[in-house]
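Q:
Numbering (the working numbering), first residue to last: -9 to 750.
Now the structure itself:
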């Protein structure tokens, strides 16, 4: 009778805010020191429940514990659907890639050209490892590379995130698949398979949050249908984000599981190791990992300030991030860029201030809020100091171009910095276009997502204020006792809520970052549709909150969405998968063929970063510069090489190219006569501004800019004037490219700098 009375009273309690002692997905709000008698039995039952199964204590399902065979059937059905959706996504991107290029019918050089820009650079190292006489020899060539940057020997494993190419090449050598599968297919199939991993990670996150695999299924369907905004893997296969983001999705799923209540000690240890492994893989495969983890660290810090996580949880999550980064630091031969990362400085500052400023939860509400603000200001100041001192000691300048871009992007007024201009003028680094939201709304993803985020943000704010109010928050037990708290908001839900909000802000500010946000957006929207929390709030507002209606909406609405999506988008998906195109770039094929057959193997080529990456892959020739921009010397060298598109004298350009060891320079009409960007964003405009010259075409110029004394080099050299033919010989040309060979004999230059600098 006592148990029945408790159950009846629990129905009156708020599902989002407080425990219902085992009903409607709540948490146990009591602070008893340990279960005894029948409570101990219930505790054992909770711990025996599957991590993904519906539990009365933490699933959010509101359904009584099922019989074991029913749980097994439900688990099997959910995992089967997860695998089916994952395979579907991998098959779709592979089919679209084949249809766009007719990849199976291309020649080898055409296949390699299809790896555009930096994708070609990364794939070239996979090819290089396979062509090496042995694995050891291939690794030594990467560690002591003198082909990627002329007149420099660099450690590619330290500078670039190419361990995945090394691993794949070793795996391809060892597996008995060479007679059946070409190396390029082994590579692209691996990347497309990671898309399956991505879908599984999002599926598990939605399942864990809602307690229903129906949410995971809806997540996978939304991800596939919104492919334009959730991934671009089918035409940018080798990009680092396509390798790393699947592991990031798995890491978020592991964090979500780790933050669930009533998790046993063994389960917690397993989740911690999973978080570490996925964090390590994510960091190893993308050079921008520090900025992504910084946002995640801010999420953890916010939850800590709101008293929604225990000290153990906060410390564990921070240490997982630090451990992953330091492991990558070791594998990348002590890459100083990692030690100088903002996220490491922030974590050290947050843990230090937290240790010495532990009295945040004392005093009244206003006093506590003031302490939180002071605490945050101290953490921010200490982060800046630590980061500044670290970079000063290490003499680190590898990532300064990123901060230049951020400063220029959010500062008022224009900038003439060349590196910042390269980023600011690219559409991918601009604001998120509004048509993205229109496409997301067209698949019914945006509306439940916005409703879920708005409702939960309001509830989270109330929960945070409640925790910071006197009498709320964490209750510290005596020495040796575990921390317990009044559950005002599910920590796993709170983490995912702040995660999607902060990464959403990042996506709106920089379009390229939307691929981190939109995938997780699918999981959050599916949780809102299939979970109990949002429906409970809505039904309470409508004053019809009953268990029958709650179940009806939780299952009927997702099924209606499935039906509508099938009716609306299945024909479009089939049409897209059946659309056939063909790769066609004869000018680039002709250029690569000429370089491979008519130039020495040790010849050094100068040109645009994007084209040189393709030259490295297709011909194996030495480069002067390349698209991997995370090096101060390389950025300066690139700016110098690009003077071929500026207004400079032939003597200046010749000296610059000779200083970097170039034998040939490739000029592209698409850059010399560029019309894709607006005035002020064309590459020639960026160079003119950096050199202090007036820009081409009608329009205003800053008063301090002066007319250049020389013609634009890429145009003037085609006139075959004596000043140019004395230094350069035209070796190849077609409709797109002009290749000039630098003559050897020339009077000694009066320049004294090894790499001349243009006037500022």
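Where is the CB? At the ideal position from N, CA and C, for every residue including glycine.
Please return the same chain residues whose Cβ sits closer than 6 Å to the Cβ of residue 608, not counting the five positions on each side in sequence.
A: These residues qualify, in order along the chain: 99, 102, 582.
Q: CA-CA distance, residue 17 and residue 316?
A: With a pLDDT of 38 at residue 17, under the threshold of 50, the modelled position of this residue cannot be trusted; read the value that follows with caution. Their backbone Cα atoms lie some 36 Å apart in a straight line.
Q: Hey, how far is the Cα of residue 724 from the Cα of residue 574?
A: So the two alpha carbons sit approximately 15 Å from each other.
Q: Please report how far the alpha carbon of residue 423 lies from the alpha carbon of residue 444, in whole angstroms.
A: Straight-line Cα distance between these residues: approximately 22 Å.
Q: Suppose you measure from the CA of residue 549 to the CA of residue 196; what does that come to, to the nearest Å?
A: Cα to Cα, residue 549 sits roughly 16 Å from residue 196.
Q: When the distance is taken between beta carbons, is residue 268 closer than 7 Å to residue 241?
A: For residue 241 and residue 268, yes; Cβs fall inside 7 Å.
Q: Within the continuous alpha helix (DSSP H) that includes residue 648, where are the two ends?
A: Start and end: 640 to 649.
Q: Can you tell me where the alpha helix (DSSP H) holding residue 492 begins and where it ends?
A: Where residue 492 is concerned, the enclosing alpha helix (DSSP H) stretches over 481 to 499.
Q: Would residue 380 and residue 330 qualify as a contact pair, given that the criterion is a beta-carbon distance under 7 Å?
A: Contact flag set, yes.
Q: Any idea if residue 689 is buried or exposed, counting beta-carbon neighbours within 10 angstroms, 16 or more meaning buried?
A: Its Cβ having fewer than 16 others within 10 Å, residue 689 is exposed.
Q: For residue 733, name the three-state secondary structure that DSSP assigns.
A: Of the three classes helix, strand and coil, the one that applies to residue 733 here is coil, per DSSP.
Q: What residues in its chain sit with their C-beta under 7 Å from that of residue 621, if we drop five residues either side in the sequence?
A: Closer than 7 Å at Cβ, skipping near neighbours: 149, 388.
Q: So, at 8 Å on beta carbons, what are the nonlocal neighbours of residue 2 in its own chain, with the 5 sequence-adjacent residues on each side left out?
A: Note on residue 2: pLDDT 34, under 50, position unreliable in the model; no value is reported.
Q: Mind listing, in chain order, the continuous beta strand (DSSP E) runs of no fewer than 3 residues lying wholly within the stretch 582 to 654?
A: Runs found: 594 to 596.
Q: Starting from residue 280 and walking both ways along the alpha helix (DSSP H), at which residues does that stretch end?
A: Element bounds for residue 280: 279 to 295.
Q: With which residues is residue 658 paired in a DSSP beta bridge?
A: Per DSSP, 727.
Q: Apply the 10 Å Cβ neighbour rule to residue 375 and answer buried if 16 or more other Cβ atoms are within range, or exposed otherwise.
A: Label assigned to residue 375: exposed.
Q: With DSSP collapsed to three states, give me the class of residue 718.
A: Here residue 718 sits in strand by DSSP.
Q: For the alpha helix (DSSP H) holding residue 671, just list the boundary residues, first then last.
A: Counting along the chain, residue 671 falls outside any alpha helix (DSSP H), and DSSP gives it neither H nor E.
Q: What beta strand (DSSP E) runs, 3 residues minimum, are completely inside the stretch 289 to 353?
A: Counting whole runs of 3 or more residues, the stretch 289 to 353 contains no beta strand (DSSP E) stretch at all.
Q: Measure the alpha-carbon distance for residue 293 versus residue 485 and round it to whole angstroms.
A: Looking at the two C-alpha atoms, the distance is approximately 7 Å.
Q: Should the stretch 588 to 599 be called in touch with the stretch 79 to 89, which here means at least 3 C-beta pairs below 8 Å?
A: Contact between the stretch 588 to 599 and the stretch 79 to 89 is absent, because fewer than three Cβ pairs lie under 8 Å.
Q: Taking only the alpha-carbon atoms, compute the straight-line gap between residue 224 and residue 265 and give it to the nearest angstrom.
A: The straight-line gap from Cα to Cα measures roughly 28 Å.
Q: Can you tell me which residues form a DSSP beta bridge with residue 160?
A: DSSP, once it has assigned bridges, lists no residue as partnering residue 160.
Q: Which residue comes first and which comes last in the alpha helix (DSSP H) that contains residue 523?
A: It spans 523 to 531 - the alpha helix (DSSP H) in which residue 523 sits, taken as one unbroken run.
Q: With 16 as the cutoff for other CB atoms within 10 Å, does residue 719 come out buried or exposed?
A: Exposed, since its Cβ has fewer than 16 Cβ neighbours within 10 Å.
Q: Spatial neighbours of residue 216 within its chain, please: CB distance less than 8 Å, with the 5 preceding and 5 following residues excluded, ordered by chain position.
A: Excluding sequence neighbours, residue 216 sits near 429, 430, 433, 435, 508, 512.
Q: Can you grab the Cα-Cα spacing for the pair residue 194 / residue 296, in whole Å?
A: Distance between the alpha carbons of residue 194 and residue 296: 26 Å.
Q: By the 10 Å Cβ neighbour count, where 16 or more other Cβ atoms means buried, how is residue 136 classified, buried or exposed?
A: Burial call: exposed.
Q: Give me the residue from 526, 552, 551, 580 with the minimum Cα distance to residue 540.
A: Measuring from the Cα of residue 540, the nearest candidate turns out to be 526.
Q: What residues match up with residue 683 in a beta bridge as DSSP calls it?
A: According to DSSP, which records beta bridges pairwise, residue 683 is partnered with 696.
Q: Leaving out the 5 sequence neighbours to the left and right, which residues in its chain are closer than 6 Å to residue 190 when beta-carbon positions are compared?
A: Taken in chain order, the residues that qualify are 72, 76.
Q: Taking just the CA atoms, how far does residue 584 sit from residue 698?
A: About 35 Å.
Q: Between residue 515 and residue 439, is the Cβ-Cβ spacing less than 7 Å?
A: Yes. Within cutoff.
Q: Which term fits residue 787, buried or exposed, when burial requires 16 or more other beta carbons within 10 angstroms of its beta carbon?
A: No answer is possible for residue 787: the residues shown for the chain start at -9 and end at 750.
Q: Please classify residue 517 as buried or exposed, where buried requires at least 16 neighbouring CB atoms within 10 angstroms.
A: Buried is the call here.
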